[in-house]
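Structure, as C-alpha cells:
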Amino acid sequence: MKYFKMKNQIRTLFLLAAAIFMLCACTADPARYTLRDEGVELFQKGDYEGALEKFQASLDASKGEVSELQYDILKYSAECRLRLSDYEGARKAYEALMQLDESEEGQAQYRELLAEMDGMEVVRDAKKLIEEEEYDAALEMLEPLAKLDGSITGKTAWFDRAVCIEYQQHYEEAAELFSEYLKKYPDDAAADKEYRFCSSR
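In this text, residue positions in the sequence shown follow the numbering used here: the first is 13, and each later residue adds one.
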C-alpha cells in the first residue's frame, strides 16, 4: 500500500514539474524567431536601424530567456551598432555577450573585441571628417587601419575608405576596394550596392 502511495506521489511530482516546465517554456513569444529573421533580412539590406528595432523586439518577446537566439541577436546588434558608429552601444553588446559566454576562448575573444573598440573611436572620427567632406584627412586616418583580416576595425575602416574614395569620384578605385571587400564579406548588401554603383560610373 505504501509502495503505491509513494508511486502516486512521485507521479504527481513529475507531472507538476512537467507542467511548470511547459508553463515557463510558453512565456516566451514564438514570434521572437520571426522578428529575428526579419532583423537579419534588414541587416543584409543595410537597414541597420530597422534591423535593431526588430532585434530588440525579438529580445523583448524572449522575456529574459537565455538561449542561442539571444546570443545570436546580440552579435547582430553589435554589428548594426558598429555600422551606425554607435561604439558605446556595440561595447555594451559585447559586454553582454562576454557574460553569456563563460568559456576561456569566448572570454579571450570578447576581451579582444572590447579592446578593438579603441580603434573604432578613430574610425568614428574619420567618419565625421567624411561628413564634413574632409576626404584627404579621413583617408589619412583610415588607411593604416583598413585591413581585411577579420577584425571589426579593419573591416569598417576598409568599407569607409572605399566610401571616401567614392565620394572623391574615383569610382574605379572605389569599385576595386568594394570588390576586395565582398570577397571577404560576400553577404554585405550595403557593400554590394556601393560596388554596383561605382562599377556603373
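Even for Gly, the Cβ is constructed at its ideal location relative to N, Cα and C. Since we're looking at a predicted model, the values are computed, not measured.
For residue i, count neighbouring Cβ atoms within 10 angstroms of its own Cβ and tell me buried if that reaches 16, exposed if not.
| i | result |
| --- | --- |
| Ser212 | exposed |
| Gln119 | exposed |
| Tyr11 | Nothing in the structure corresponds to residue 11, since the chain is present only between 13 and 213. |
| Met199 | Reading the sequence as shown, one finds Asp at residue 199 and not Met. It counts as exposed. |
| Ala203 | buried |
| Gly162 | exposed |
| Ser89 | buried |
| Ser115 | exposed |
| Asp49 | exposed |
| Lys205 | exposed |
| Lys167 | buried |
| Lys139 | buried |
If you compare alpha carbons, which of the options is closest to residue i?
| i | options | result |
| --- | --- | --- |
| Arg123 | Leu109, Arg136, Val134, Met132 | Leu109 |
| Gln121 | Met132, Glu133, Glu107, Val134 | Glu107 |
| Gly131 | Thr165, Ala69, Leu141 | Thr165 |
| Glu66 | Ser79, Cys92, Lys140 | Note that residue 66 is Lys in the sequence shown, not Glu. The shortest C-alpha separation from Lys66 is found at Cys92. |
| Leu47 | Gly58, Ala73, Tyr60 | Ala73 |
| Tyr60 | Ala102, Glu145, Ser191 | Ala102 |
| Gly58 | Met129, Ala69, Leu81, Phe171 | Phe171 |
Could you tell me the alpha carbon to alpha carbon distance between residue i and residue j, rounded to whole angstroms?
| i | j | result |
| --- | --- | --- |
| Tyr197 | Ala187 | 15 Å |
| Tyr83 | Leu71 | 10 Å |
| Cys210 | Tyr147 | 17 Å |
| Gly62 | Ala105 | 17 Å |
| Tyr207 | Pro42 | 38 Å |
| Ala127 | Ala150 | 22 Å |
| Leu64 | Gln56 | 12 Å |
| Cys176 | Glu184 | 13 Å |
| Asp137 | Leu194 | 24 Å |
| Tyr45 | Glu133 | 33 Å |
| Lys87 | His182 | 34 Å |
| Glu143 | Val52 | 27 Å |
| Ile85 | Ser97 | 18 Å |
| Lys159 | Leu125 | 15 Å |
| Ala174 | Leu154 | 10 Å |
| Glu117 | Gln111 | 13 Å |
| Pro156 | Val135 | 11 Å |
| Glu6 | Phe190 | Within the shown structure, residues of the chain are numbered from 13 to 213, placing residue 6 beyond reach of any answer. |
| Ala169 | Met129 | 12 Å |
| Ala69 | Asp113 | 22 Å |
| Lys302 | Ala201 | In the structure as shown, the chain begins at 13 and stops at 213. Residue 302 is therefore absent and cannot be evaluated. |
| Glu192 | Glu145 | 24 Å |
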